[in-house]
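Student: Going by the numbering used here, the first residue of the sequence shown is number -2, and it counts up by one from there. Below you'll find the structure I mean.
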Amino acid sequence: MTRIAVFNQKGGVGKTSTVLNLAAALNISDSPPLVIDMDPQAHLTNMHAQAPQSPNQSLFSFYQDNKPLYQLEIDWSHLGRLIPSHRELIKVDSIFGKGPAVLNKLKLGLEASDKQWSPRITLIDCCPYLGVLSLSAIFAADLLIIPIASDFLSLQGAQKVEQTLKALEPVLKKRVNRRYLMTCYDRRRKMTFDVHEQAKVSFGNDVCETVISENVAVAESPQYKLDVFRYSAYSTGAQDYKDLLNELINQELLDIRLSISS
-2 MTRIAVFNQK
8 GGVGKTSTVL
18 NLAAALNISD
28 SPPLVIDMDP
38 QAHLTNMHAQ
48 APQSPNQSLF
58 SFYQDNKPLY
68 QLEIDWSHLG
78 RLIPSHRELI
88 KVDSIFGKGP
98 AVLNKLKLGL
108 EASDKQWSPR
118 ITLIDCCPYL
128 GVLSLSAIFA
138 ADLLIIPIAS
148 DFLSLQGAQK
158 VEQTLKALEP
168 VLKKRVNRRY
178 LMTCYDRRRK
188 MTFDVHEQAK
198 VSFGNDVCET
208 VISENVAVAE
218 SPQYKLDVFR
228 YSAYSTGAQD
238 YKDLLNELIN
248 QELLDIRLSI
258 SS
C-alpha cells in the first residue's frame, strides 16, 4: 500500500484538483484509491454528491471520538472511497496540540484500517498551512506531492515545504519521498519557464517530468462535481494526469504495476 499526501503551504496551486484527478486516473487503471480530505475547507468533500454533513461522519470523529477510519469511509463512484472532511477539523490544533500522539494518529489509524480494507493507494488532500493535520499527513505518507502553480509565490511555498521536510528527517528517521509538480502550466508565459527552471535548481530530480497544463477542463469540471476524465476525457488535462500516474508508476513510487492507456 502506498500513501500519497498532496500539500503546499500556498493555496490555489491545484492541490485538490491533483488529488481528484489522480484518484480518477487510478480508478480507471483498476486501482480505486482511498481518498482522505484533511482540509477543513472541505472542497474535495463537497465534490461528493452525497457527502455527509455531520462532523460525526467525518474525519473529525476520528480525532474527537477515536472512531476507526474504516467506519468513516463512504463509496465514491468513479473514484474509489472517501473519508470526508468537515469544518470542525479546524479545531484539531487547539484541542490536541502538536504532541507525538496526535502527529502519529493518522499513520496508526491507517495501519489499523488496512486490516479491514486495504486499497493499493491512499491519497490525502492536505490543508494549505502547516499545522497538526498537514504534519500528520506527512508523517503517514510514503510520497509527498507538492504542486507549484507556475508562479513565484507557489515556488516560495514549495521551498518552505522542502525546508520543513529536511527539518523533519531526524524525527521521522527517514527522507520522505517527494515530487514537485508544476501545475497551471502556460507555455505562452515566460514566467512559467522561469519558475520551472528555478524549481529544477531548487529540487533537482524531485521535479516531475510531467507538467499539468493550464486547462479549461481541469478548471471547469469541479463545477459539475466531476473529475476531468468524466468531464472531458480527451482534454489536455486528462492526458496530463494520465501521464503523471504513469510517471509515478514507472519510477516505482506507487505499489502498482499497471498503467492506463495513453
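Each residue gets a CB set at the ideal place from its N, CA and C atoms; glycine is no exception. Quantities reported herein were computed from a predicted structural model and do not represent experimental measurements.
(1) Three or more C-beta pairs closer than 8 Å, one from the segment 155 to 162 and one from the segment 23 to 40: is that the case here?
(2) Pull the bridge partners of ASP122 from the DSSP assignment, please.
(3) How many Å lie between LEU127 and LYS157 at the Cα?
(4) Please give the ranges of any alpha helix (DSSP H) in the segment 75 to 154, keeping only runs that are unbroken, at least 4 residues long and fully inside the region.
(5) Counting C-beta neighbours from all protein chains within 10 Å, is the total for GLY96 16 or more, i.e. buried, or is it exposed?
(6) Are LEU152 and VAL192 closer than 8 Å when you measure CB to CB?
(7) Taking a contact to mean a Cβ-Cβ separation below 8 Å, would you say THR207 touches ASP237 in this structure?
(8) Does the separation of the CB atoms of PHE4 and LEU141 fall below 8 Å?
(9) State the Cα-Cα distance for the pair VAL173 and GLU249, rounded to the nearest angstrom.
(10) Exposed or buried, which one is ASP34 when buried takes at least 16 other CB atoms within 10 Å?
(11) Using DSSP with H/G/I as helix, E/B as strand and the rest coil, what is LEU172?
(12) In three-state terms, what does DSSP make of GLU206?
(13) My output table needs one value for SER256: the three-state DSSP class, helix, strand or coil.
(14) Please look up how many angstroms separate the CB atoms of THR180 and ILE145, rounded, as I've assumed it's under 8 Å.
(15) If you follow the alpha helix (DSSP H) that ASP237 is in, where does it begin and where does it stop?
(16) Look at the alpha carbon of VAL168 and the alpha carbon of ALA134, and state the distance between them as a whole number of angstroms.
(17) Cβ of CYS123 within 8 Å of Cβ of ALA22?
(18) Would you decide whether LEU105 is buried or exposed? Buried here means 16 or more other CB atoms lie within 10 Å of its CB.
Tutor: Based on what the coordinates show:
(1) Two segments are said to touch when three or more pairs of C-beta atoms, one from each, lie closer than 8 Å; by this definition the segment 155 to 162 does not touch the segment 23 to 40.
(2) BP columns for ASP122 point to VAL3 and ASP34.
(3) 10 Å
(4) 89 to 93, 97 to 100, 102 to 110 and 129 to 137
(5) exposed
(6) yes
(7) yes
(8) yes
(9) 15 Å
(10) buried
(11) Contrary to the premise, residue 172 reads as Arg rather than Leu in this sequence. Note: ARG172 maps to coil in three-state DSSP.
(12) Three-state result, GLU206: strand.
(13) Per-residue confidence for SER256 stands at a pLDDT of 44, beneath the threshold of 50, marking its modelled position as unreliable; the derived number appears in the next sentence. Residue state, collapsed to three classes: coil.
(14) 7 Å
(15) From DSSP, the alpha helix (DSSP H) with ASP237 extends over 233 to 247.
(16) 15 Å
(17) no
(18) exposed
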